[in-house]
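J.: Handing you a structure now.
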Amino acid sequence: MSEHKFNQEALDYHSQGRPGKIEVIPSKPYSSQRDLSLAYSPGVADPCLLIAANKEDVYKYTAKGNLVAVISNGTAVLGLGNIGPEASKPVMEGKGLLFKIFADIDVFDIEVNETNVDKFVETVKAISPTFGGINLEDIKAPECFEIEKRLKEELRIPIMHDDQHGTAIISGAALLNALELTKKKIDSIRVVVSGAGASAISCVKLYLALGAKKENILMFDSTGVIHTGRTDLDENKKNFAVDTKVRTLEEAMKGADVFLGLSKGNIVSQDMVKSMAKNAIVFALANPDPEISYQDAIAAREDVIIATGRSDFPNQVNNVLGFPFIFRGALDVRATQINEAMKLAAVRAIAELAKEAVPEIVNLAYNQKNITFGKDYIIPKPLDPRLITSVAPAVARAAVESGVAQAPITNWNEYIEQLQKRLGLDNKLIRVVTSKAKQNPQRIVFTEADTYKILKAAQIVRDEGIAKPILLGNEKKIRRLIEENNLDLGDTPIIDPRMEEEKRYQFAEAFFRKRKRRGFTLHEARKIMNERNYYGTMMLETGEADAMISGLTRKYSDTIRPALQIIGTQDDVKKVAGMYIMVTKRGPLFFADTTINVNPTAEDLAEITALTAWGVQQFNIKPRIALLSFSNFGAHNDPAAVKVREAISILHKKYPGMMVDGEMQANFALNPSLLTDNFPFCEFAEQGANTLIFPNLDSGNIAYKLLQELGSAEAIGPVLLGMKKPVHVLQLGSSVREIVNMVTIAVVDAQSRKGNK
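In terms of my numbering, the sequence shown has 670 at position 595, counting the first letter as 1, and numbering is strictly consecutive.
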């Protein structure tokens, strides 16, 4: 995609629909007059009076304890510099979004039009009663040091300037593990630092706290090495001035053990890396261009351990590994500050997590079979769901032990369970699947490429590296739509079946061989290959595509028929089924059958369940399957309930290891407390179901559409189960976002099938 078109897409993302990226959602009922009288007048008076008598009760009766302010004056925004408070707001909203999705922390972003340190500090102090914590963001040095220092001294809530400490904490964890791998002691290493801004200074301070020696650290700013002979240093830089004859970065790198770059791109050469000590450690963290590229560094020498700020290379130093979970732990014990002990606890927790066995969902996300601790994995991946249960408890425990916790935790196992329930361990499914798709993009044929939505989705998956689109349709119409809508699909293949006579005849002959005893003549086979669904399916059948997407503008039956005729079902599969992935706050739920089988028999339900279990397992999630009914465990002998009961009996005999039970009502299936209290014999009673099998198409189709329209869940699908090759049929009228999600699922499906050959 051209830079101009990407910029426009970014503007559209932020402006279309509801402007911005965040909203406030009520957390209590508000539909009745009684609800409103409790929420506001007169009911609100009671908590107000209790808080007036005891200010600490504000944590009991309001959202303060889970509310963080992300505050900036816009003086150092990303790589954009001093662009002002209004221009910083998109970044602050984005930071709020990260707090929410990674640690379930609510955020108000506050942009302050003030650069004077005294006035800025007074402003923040004046609004601080609203918040349980304050994340300072994008404030330039040296003012940021003074602002954070004074606010920490004058307020009794957690405060952290993430630009300073975030990178320090994550790189500190990476340093500990890199030193362990290279068998070096932190108190004897020589460190060269390029950069002397907020992040660099904070990194050096933390490295010193971890045991590095000041006399072994050489720091460079834009003028040169920071040495004792300079007269232009501010107080922060003076702290790191050393007596040295070294004047250039090239000189400093000779024999150095560690290079830390927080400056600008492409200032370190391969020769400079070669001149470093054995088992060199290079943290080139300038973004988007590192001080030396990953490829150049590893080409310079085999023994180098390199980390960058880039997500497309190993060892990404990403602040999202730290700040959401540091604030989570600090808020949960009502810490009066984020002190050094808490930051060091975060460092060590992140470092230790990298040494633990990596869960399958992380391997899935990065398309690797077994990520293990080593030079290409010295810090956890940002999508690791264990971060919240590793870092937050470590920070909370350090707060308790250092005496700054006002609400100490006593039952740590219970606390970890609460953290798991906040987001669900599987809440990152779509990000995980997208990451996996990008590792090995597959060829996806779109049979309805003469529509804007398909073309837009094709551009997105191409630009994001999710898939390699192939467009079927009238080439002139497709190119006109591309031009009219300012799309950029580069050299994406465009195929008009009507113009591909030789290929069409080849496909027709292959199709005729399959269907000659099923009512098709060769003439009819040639004619039907003008149909894009038939042509696209033959591309998939003959290996010219890896998966097919269709159904945006056509009936489900018209789309699936060619696939059944040409590709057919998997061996020993009699029924195909449709599964929807419902992305909810509690994690993903899998619904089947939602699209194909109108009134399945007990045997059909058993086969649908087996197919669905296989489909869920492709996402490295263990299915806990409930077969739904209006009845609970034999309570009624109506034929509809008996059918489900018989299906359970078949499944228990045929698949003894499958975690499946029923018949049961939907509320019992999803409510562990109800299940445990009433039917404790159910194998998944304590967890609840994550996979729901509906007794007929009416119930399944109605259920997913109700959830989707009420805004309770995002629906991805339908995922077609039981086919020999990846064919996926869109819901009629799907949005661009839904198409992109479906393509992502199709890519992972194709990857999985190739891996299983």
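Glycine residues also receive a C-beta, built at the ideal position from the N, C-alpha and C atoms.
Across which residues does DSSP place I700 in a beta bridge pair?
T.: According to DSSP, which records beta bridges pairwise, I700 is partnered with V735, T766.
J.: Give the straight-line distance between the Cα atoms of G542 and K513, rounded to the nearest whole angstrom.
T.: The displayed chain sequence assigns Ala, not Gly, to residue 542. So the two alpha carbons sit approximately 7 Å from each other.
J.: Nearest to K103 by CA position, among I126, C123, A138, is which residue?
T.: Minimum Cα distance to K103 is reached at A138.
J.: Are any of the Cβ atoms in chain D nearer than 7 Å to that of L745?
T.: Of the protein chains in this structure there is only one, and it is not chain D.
J.: For a test of the three-state rule: what should DSSP assign to H803, helix, strand or coil?
T.: strand
J.: Is the beta carbon of G547 less than 7 Å from the beta carbon of I553?
T.: For clarity, residue 547 is Leu in the given sequence; the question names Gly instead. In this structure, I553 does not lie closer than 7 Å to L547 by Cβ.
J.: Quick check on this structure: which residue in I519, V182, L639 has the alpha carbon closest to the alpha carbon of I569?
T.: I519
J.: Spatial neighbours of Y527 within its chain, please: C-beta separation below 7 Å, excluding the five flanking residues on both sides.
T.: Closer than 7 Å at Cβ, skipping near neighbours: L556, N560.
J.: Name the one or two DSSP bridge partners that Y655 has.
T.: F666
J.: State the DSSP-derived secondary structure class of Q83, mapped to helix, strand or coil.
T.: helix
J.: Taking the C-alpha atoms as reference points, what is the distance between I603 and R573?
T.: 11 Å
J.: R109 by DSSP, collapsed to three states: which one?
T.: helix
J.: Could you tell me whether the Cβ atoms of A716 and S724 are closer together than 7 Å?
T.: no
J.: If we ignore side chains and look at the alpha-carbon of each, how far apart do A681 and F708 end up?
T.: 17 Å
J.: Please state if the CB of V823 and the CB of V508 are separated by a distance shorter than 7 Å.
T.: yes
J.: For the alpha helix (DSSP H) that D378 lies in, which residues bound it at each end?
T.: Judged by DSSP secondary structure, D378 falls outside any alpha helix (DSSP H); it is assigned neither H nor E.
J.: How would you call V333, buried or exposed, if buried means at least 16 neighbouring beta carbons within 10 angstroms?
T.: Classification for V333: buried.
J.: When you compare each of T383, S269, M328, A467 to L494 by their alpha carbons, which one comes out closest?
T.: A467
J.: If you compare alpha carbons, which of V719, K697, Q693, Q640 is closest to I676?
T.: In the sequence under discussion, the amino acid at residue 676 is Thr, which differs from the Ile named in the question. The residue with the shortest Cα to Cα distance from T676 is V719.
J.: Between D501 and N488, what straight-line distance do the alpha-carbon atoms span, to the nearest angstrom?
T.: Low confidence applies here, because D501 scores a pLDDT of 44, under 50, leaving its location unreliable and the question unanswered by this model.
J.: From this set, T596, G594, D571, K591, which residue's C-alpha is nearest M614's C-alpha?
T.: Looking only at T596, G594, D571, K591, the smallest Cα-Cα distance to M614 is reached by D571.
J.: On the criterion of 16 or more Cβ atoms from any shown chain inside 10 Å, does E616 qualify as buried, or is it exposed?
T.: Buried is the call here.
J.: Considering only residues of the same chain and omitting the five flanking positions on each side of G159, which have a CB-CB separation below 7 Å?
T.: Closer than 7 Å at the Cβ level, and outside the excluded window around G159, lie G149.
J.: Counting along the chain, where does the beta strand (DSSP E) carrying F295 start and finish?
T.: 292-295
J.: Indicate the three-state DSSP secondary structure (helix, strand or coil) for G159 in the structure shown.
T.: The answer is coil: DSSP assigns G159 none of H, G, I, E or B.
J.: Based on Cα-Cα distance, which residue from N746, I700, L562, S748 lies nearest to E738?
T.: I700
J.: Would you mind stating whether A432 and V479 have Cβ atoms separated by less than 7 Å?
T.: no
J.: Quick check on V143: buried or exposed, where buried means 16 or more other Cβ atoms within 10 Å of its Cβ?
T.: buried
J.: Here's a check: name, in chain order, each residue in its chain whose Cβ is nearer than 6 Å to the Cβ of A352, leaving out the five neighbours to either side.
T.: Excluding positions up to five away in sequence, the list reads G330, D332.
J.: Run through DSSP, which three-state label would E813 get?
T.: helix
J.: Can you list, in chain order, the residues of its chain with a C-beta nearer than 8 Å to that of K832? Leave out the 5 residues immediately preceding and following it.
T.: Model confidence at K832 stands at a pLDDT of 44, short of 50, so the residue's coordinates are unreliable; what they give is reported in the following sentence. Within the same chain, K832 has no close Cβ partners at all.
J.: Are the CB atoms of N394 and A382 within a distance shorter than 7 Å?
T.: Against a cut-off of 7 Å, the Cβ pair of N394 and A382 comes out as no contact.
J.: By the three-class DSSP mapping on this structure, what secondary structure does Q517 have?
T.: strand
J.: Between T303 and V317, which are expected to be in contact by the criterion C-beta below 8 Å, what is the C-beta distance as a whole number of angstroms?
T.: 7 Å
J.: Compute the Euclidean distance between the alpha carbons of L406 and G207, then round it to the nearest angstrom.
T.: Cα to Cα, the separation comes out at about 7 Å.
J.: Kindly identify the DSSP beta-bridge partner or partners of A524.
T.: Answer is none; A524 lacks a bridge partner.
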